[in-house]
Amino acid sequence: MRLGCCFGGAALHTLKLAALASPSSFPPSRSVLAPLLCSPRAALRFSSLARALSSAPAVQPAAPASSKDATKATSDGPLAKPQWNASIDFKWIRDNKDAVATNIRNRNSNADLELVLELYAKMLDLQKEVERLRGERNVVANKMKGKLEPSERQKLIEEGKNLKEGLVTLEEDLIRLTDELQQEAQCIPNMTHPDVPIGDEDCSTVRTTVGSPREFSFPIKDHLQLGKELDLFDFDAAAKVSGSKFYYLKNEAVMLEMALTNWTVSEVIKRGFIPLITPEIVRSSVVEKCGFQPRGENTQVYSIEGSDQCLVGTAEIPVGGIHMDSILADSQLPLKYVAFSHCFRTEAGAAGTASRGLYRVHQFSKVEMFVLCRPEESDSYHEELIRIEEELFSLLGLHFKYGSLSPSQCLSKQFTSGHMNFELLCRTLDMATADLGAPAYRKFDVEAWMPGLGRYGEISSASNCTDYQSRRLGIRYRPSEPPSSTTPKKGKGNVPTQFVHTLNATACAVPRMIVCILENYQQEDGSVKIPEPLRPFMGGLERITPKSQ
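Going letter by letter, the sequence shown gives residues -21 to -1, 1 to 528 in mature numbering (1 follows the signal peptide of the UniProt record, and there is no 0).
Listed below in structure tokens is the structure:
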């Protein structure tokens, strides 16, 4: 599931929250994993979580974020200092400017590479001038240590004073220039994997297609009609209470959300991930460091007015911040987390029948996977994440590999789940350059056929962000052995640190999974069968039936 980044061109305004009434106004999410915490195995996994977090530093207070326009130097006032700096490799950008320019163009980014290179050149020149004046000031200071005639000493004092005043001015100019360079350079998107298709979303290529649409012998209902007839949710009451695109889940839909969440987390834990429940309010600076712009145009982020905080649009953001400004030991990697959170998105610009009902809402529950690893391992972990997604959806009867069969064999194989026999169509796409968010080096989307909508709908995505986020969040690791191309100096701890690579993937976006289950498992009598893996998490319930039955 994508969260809009700071590199769009639309001109819509940020939606803001005037205030948060009290902590009690948020859902009590910490009860979600309760069934998972009862076993000794779960206790062991949580002790590993404590060890993993022991190196995480506390987040320091940050000043409120300002808009990009407010940070530029003008004749009307001084340049506002950014609240944080990214460790951007400006020399690499300069030396590879043609590749960077092509990448910016392919991704339809509004980054201004020429301005970045111009500011970088000016900064280097100014740094040289500052160093020259510092050297002259030191020469004058050393001369004054000797025995001098009063007139000569006074002359040196005046020279030192002039040098100091000139140096103060140049240092202030250098700070302003560095800040402007940071603001412009932070808009440059990540580089792109060479196999990613170039173009708009329509140019995305299909990696895998498995199954075929279920053939219904009765009129198909969409999830809105099913939800109304089965008394599963109430959009009208939520609109009166909260506004459009909010909803109440009711009756078996509540159990279904909790079952999806608990089952997904338990399955991902089996694959070596550490479970987390994250904060759902974070500092604006952390949102920015993850590659999103909380107060920019066309933002998907709810900002809390009068503060430097935002509601999270994905658990990727608070999980990414856990190890902010830290150096991890090589032995700690990889760190693999599975996080539950509620997510809040403005969904600016979303409209039409394709966004009706639960498909696109302002608040929803989601289980997210997040990996921190060594740079050379990120491609393999990207494949692991998409494989986990496919396995999870297969277990729910929604798509993909059937046993050890190849995709071509799966196309002609009927999927069996308990007493439910039918084929379901899903596909994985390698998303094109223009559809990538700024942090993503490569992104795979998983789409499922939704009979009620009559089209594919995205149910998951998996992104490799390489070192884009870690350079902003300040997450490094120290290799146990130095790279073969470097020779460390003698002494302890001289192996140079490197930035980790980060990856994220959706394990379960609950509302869209509810849409898939309701529409694909609907029966002629108006009931909906529950996928077999979820039944133990729903008290053994096998189907949702109309209340009249």
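Positions of the beta carbon are idealized from the N, C-alpha and C atoms, including for glycine.
Taking the alpha-carbon positions, what's the residue i to residue j distance?
i, j, result
"F197", "I523", "18 Å"
"G518", "M237", "11 Å"
"L209", "V317", "32 Å"
"I156", "E108", "Here the sequence assigns Leu to residue 156, which means Ile is not the residue at that position. The alpha-carbon atoms of L156 and E108 are separated by roughly 14 Å."
"K140", "I154", "21 Å"
"Y420", "P173", "9 Å"
"F214", "L337", "9 Å"
"G(-18)", "D446", "At G(-18) the pLDDT is 45, less than 50, meaning the model places this residue with poor confidence; the figure from the coordinates comes in the next sentence. Looking at the two C-alpha atoms, the distance is approximately 19 Å."
"M410", "H321", "26 Å"
"I256", "S357", "24 Å"
"A44", "S88", "Note on A44: pLDDT 39, under 50, position unreliable in the model; the coordinate value appears next. Going from the Cα of A44 to the Cα of S88 covers about 22 Å."
"R457", "L415", "30 Å"
"A427", "I296", "26 Å"
"V340", "D91", "34 Å"
"Q162", "K268", "12 Å"
"E347", "K315", "11 Å"
"Q69", "V425", "Per the sequence shown, the amino acid found at residue 69 is Phe instead of Gln. If I take the Cα positions, the gap works out to 35 Å."
"M136", "L149", "The question names Met, but residue 136 in the sequence shown is Ile. Each residue's alpha carbon lies about 20 Å from the other."
"L307", "V266", "22 Å"
"T325", "Q501", "31 Å"
"L452", "F195", "50 Å"
"S282", "N443", "26 Å"
"I253", "E363", "16 Å"
"P515", "K200", "27 Å"
"I509", "M170", "43 Å"
"G285", "Q342", "22 Å"
"A80", "L98", "16 Å"
"E521", "A417", "43 Å"
How far does the beta strand (DSSP E) with residue i in it extend, from its first residue to its last?
i, result
"A80", "Looking at the DSSP string, A80 is not in any beta strand (DSSP E); the run it does join, the alpha helix (DSSP H), is K76 to N85."
"W428", "R421 to M429"
"Q288", "Q288 to L290"
"V261", "I260 to R262"
"L408", "C405 to D409"
"S305", "S305 to A308"
"Y456", "I454 to R457"
Pick helix, strand or coil for residue i, following the three-state DSSP scheme.
i, result
"T481", "strand"
"V340", "coil"
"L375", "coil"
"Q448", "helix"
"M348", "strand"
"K516", "The residue you asked about is not Lys; residue 516 is Phe in the sequence shown. The answer is helix: DSSP assigns F516 an H, G or I state."
"I509", "coil"
"D414", "helix"
"S282", "strand"
"R73", "helix"
"E437", "strand"
"I523", "strand"
"L228", "strand"
"E194", "coil"
"I177", "coil"
"V265", "helix"
"H172", "coil"
"F335", "The sequence given here has Arg at residue 335, not Phe. Coil."
"Q311", "helix"
"D504", "coil"
"D358", "helix"
Could you spell out where the alpha helix (DSSP H) holding residue i opens and where it closes?
i, result
"P490", "V489 to N499"
"A232", "E231 to K249"
"L105", "L92 to K122"
"F214", "F214 to V220"
"R132", "P129 to A164"
"I296", "E295 to G299"
"residue 529", "Any answer about residue 529 is impossible in this case: the structure gives the chain only from -21 up to 528."
In terms of DSSP beta bridges, what is residue i paired with?
i, result
"N443", "R421 and L482"
"C182", "Bridge partners of C182: none, in fact."
"H321", "S344"
"P254", "V317"
"S223", "Answer is none; S223 lacks a bridge partner."
"R353", "Answer is none; R353 lacks a bridge partner."
"T187", "T407"
Using a Cβ distance threshold of 8 Å, determine whether the segment 478 to 498 contacts the segment 173 to 187, with at least three qualifying pairs required.
As far as the Cβ criterion goes, the segment 478 to 498 does not touch the segment 173 to 187, which means the pair count is below three.
Give a yes or no on contact between the segment 71 to 78 and the segment 124 to 132, applying the rule of three or more CB pairs nearer than 8 Å.
Too few Cβ pairs lie closer than 8 Å, so no.
Between the segment 218 to 238 and the segment 493 to 504, do three or more beta carbon pairs fall short of 8 Å?
The segment 218 to 238, when compared against the segment 493 to 504, does touch it at the 8 Å Cβ threshold.
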